[in-house]
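Structure first, then comments.
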Amino acid sequence: MELVQPERKYRRLAARLANLKVMVQGTVTERTIERDVATEPGKKKVYGPYYQWTFKNKGKTVTVNLSPKQAKTYQRAIDEHRKMEGIIEEMRQLSLEILERKTVGVAKRKRRK
12 MELVQPERKY RRLAARLANL KVMVQGTVTE RTIERDVATE PGKKKVYGPY
62 YQWTFKNKGK TVTVNLSPKQ AKTYQRAIDE HRKMEGIIEE MRQLSLEILE
112 RKTVGVAKRK RRK
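Heads up: the sequence shown begins at 12 in the numbering used here, then just goes up one per residue.
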């Protein structure tokens, strides 16, 4: 049973996890509002952009308004969170592979014909 490669890859992924920066879940959305100009029929005025961070807290959707600078910072933190989720998913798959190779399973019964 050759486990060196999966275990080595698992350790590399764990090291990548340790190097992640601040992270949050959610989505940053840029919004604009288009309104009719009262004094000039047919013309529209665009307001914005406005930035919002939306996330779940205890099963409820929460929306927070952000400044443009905050939006960039929060987007970087969201990107870090998504990286972390990808790394953990890979670690789960490797863990399963390592455990299946290291342990002996239940013997399969012979089928009756």
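Glycine included, every Cβ here is placed at the ideal spot set by N, Cα and C.
Residue environment, residue 37, which counts as buried when at least 16 other CB atoms sit within 10 Å: Classification of residue 37: buried, given that the 10 Å Cβ count is 16 or more.
Ranges of the beta strand (DSSP E) found wholly within the stretch 12-48, counting only runs of at least 3: Runs of the beta strand (DSSP E) inside the stretch 12-48: 38-47.
Measure the Cβ-Cβ separation of residue 66 and residue 117 and say whether it is below 8 Å. No, the pair does not count as a contact, with Cβ atoms beyond the cut-off.
With a 10 Å radius around its C-beta and 16 neighbouring C-beta atoms as the bar for buried, classify residue 62 as buried or exposed. By the neighbour-count definition (other C-beta atoms within 10 Å, threshold 16), residue 62 is a buried residue.
Quick check on the burial criterion: 16 or more other C-beta atoms within 10 angstroms. Buried or exposed for residue 73? Exposed.
Helix or strand or just coil, what does DSSP make of residue 69? In the three-state scheme derived from DSSP, where H, G and I count as helix and E and B as strand, residue 69 is classed as coil.
Helix, strand or coil: how does DSSP classify residue 84 here? Annotated three-state conformation of residue 84 is helix, per DSSP.
On the criterion of 16 or more Cβ atoms from any shown chain inside 10 Å, does residue 31 qualify as buried, or is it exposed? It is exposed - the Cβ of residue 31 has fewer than 16 other Cβ atoms within 10 Å.
I'd like to check one pair, residue 40 with residue 58: are the Cβ atoms closer than 8 Å? Going by C-beta atoms, residue 58 is not nearer than 8 Å to residue 40.
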